[in-house]
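A quick write-up on the structure given underneath.
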Amino acid sequence: DSSTQPGQAANRTFKSKRSLEGSLRRGEMSVCDSVNVWVTDKRTAVDIRGKTVTVLSEVRTLTGPLRQYFFETKCNPAGGTVGGCRGVDRRHWISECKAK
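Residue 1040 is where the sequence shown starts when you use the working numbering, and the numbers rise one by one after that.
The following block contains the structure:
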């Protein structure tokens, strides 16, 4: 098109690529189904160095006690992936969801 400004074609292409990327992401799925839960009564945890540590039930502060909450992701045994994980060739491989 002769009426198109020099930068317009590039911008139009970039915008359409961005729109396409967003639509592809909506269909993405995890390899294994999982469940996310808040845990409020944890007694022990594993720190960033891999060591088991004791969790304080409350932390005292100047404004009052604070409780610790943990957000855990676990395998969902009732998930939609029957017989293994998504994207795995079941004829040649056995797959399963395991907690780390």
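The C-beta atom is built at its ideal place from N, Cα and C for all residues, glycine as well.
Is it the case that the Cβ atoms of residue i and residue j are separated by a distance below 7 angstroms?
i	j	result
tyrosine 1108	threonine 1079	yes
Of the residues the options, which one's Cα is nearest the Cα of residue i?
i	options	result
leucine 1095	Arg1106, Val1085, Cys1071, Leu1101	Arg1106
Excluding the 5 residues preceding and the 5 following residue i in the sequence, name in chain order all residues of the same chain whose CB lies nearer than 8 angstroms to its CB.
i	result
proline 1104	Glu1097, Val1098
serine 1073	Thr1112, Lys1113, Cys1114, Asn1115, Gly1118, Cys1136
threonine 1093	Arg1082, Thr1083
valine 1085	Thr1091, Val1092
Kindly list the residues whose CB is nearer than 7 angstroms to the CB of residue i, restricted to its own chain and excluding five residues on each side of it in sequence; keep chain order.
i	result
phenylalanine 1110	Asn1075, Trp1077
Any heavy atom of the ligand ATP within a distance shorter than 6 angstroms of the CB on residue i?
i	result
threonine 1102	The model on display carries no ligand, and the ligand ATP is accordingly not part of it.
Is residue i close to chain C? Criterion is C-beta to C-beta, closer than 7 angstroms.
i	result
asparagine 1075	Any reference to chain C falls outside this structure, which holds one protein chain only.
Are three or more beta carbon pairs between the region 1125 to 1134 and the region 1088 to 1095 nearer than 8 angstroms? Because the criterion of three Cβ pairs below 8 angstroms is not met, the region 1125 to 1134 and the region 1088 to 1095 do not touch.
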